[in-house]
Amino acid sequence: MEHLNEKECKSAGMAVRDTLEIISGKWKLILLLTFYKKGKRRFRELVKELNISPRVLSKELQELEMNKLVTRTVRNTRPMTVEYDITPYCRTLGSVLQPMKEWGELHRQEIIGKKNSE
Numbered sequence: 001m002e003h004l005n006e007k008e009c010k011s012a013g014m015a016v017r018d019t020l021e022i023i024s025g026k027w028k029l030i031l032l033l034t035f036y037k038k039g040k041r042r043f044r045e046l047v048k049e050l051n052i053s054p055r056v057l058s059k060e061l062q063e064l065e066m067n068k069l070v071t072r073t074v075r076n077t078r079p080m081t082v083e084y085d086i087t088p089y090c091r092t093l094g095s096v097l098q099p100m101k102e103w104g105e106l107h108r109q110e111i112i113g114k115k116n117s118e
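Here it is as structure tokens:
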């Protein structure tokens with residue numbers, strides 16, 4: 001980031017904090033990456049694949065849905081099935097996550113490299 005005045009700095013900080021809050025936690029990023037990789041998933045599939053409790057999964061999916069990153073589709077089947085998938089809006093996160101991944105790899109190397117040389 002270039003040099004920012006106080007107002008711009010505060011605004012940038014809020015925007016970054018909002019982004020991190022939306023994808024933070026143990027499960028949100030894992031869920032989003034699962035959808036990116038495998039597409040639509042049923043609730044029970046996610047419970048089994050991720051070894052996550054139904055209660056926690058439900059909470060995480062509700063938050064992702066509230067932030068317009070995931071859609072919930074109820075299928076009129078017997079028994080009723082519920083499918084989840086990422087939204088087109090969620091796909092815009094890809095351009096955010098890729099640089100974060102790259103920076104994380106550099107950071108990990110920086111830290112591991114320093115520990116190994118001590």
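Quick note: the sequence shown, position 73, residue 73 per UniProt numbering, numbers continuous. For each residue, glycine too, the CB sits at the ideal point set by N, CA and C. Predicted model only: the values in this text are computed from it and were never measured.
Coil, strand or helix - residue i by DSSP
| i | result |
| --- | --- |
| R78 | coil |
| T73 | strand |
| I112 | helix |
Distance, residue j Cα to residue i Cα
| i | j | result |
| --- | --- | --- |
| D85 | I22 | 16 Å |
| Q109 | R17 | 25 Å |
| K37 | I112 | 29 Å |
| N76 | T92 | 30 Å |
| E6 | M80 | 53 Å |
Residue i at chain B interface by Cβ criterion, 7 Å
| i | result |
| --- | --- |
| C90 | Absent from the structure is chain B; it holds one protein chain and no more. |
Check whether residue i and residue j have beta carbons under 7 Å apart
| i | j | result |
| --- | --- | --- |
| T73 | T87 | no |
Inset, instruction - State whether the segment 98–107 contacts the segment 48–59, with contact taken as three or more CB pairs (one from each stretch) at a distance under 8 Å. - result: no
Legend entry - Minimum length 4: unbroken alpha helix (DSSP H) runs contained in the UniProt domain "HTH hxlR-type" (9–112): 28–38, 43–50, 54–66 and 88–91
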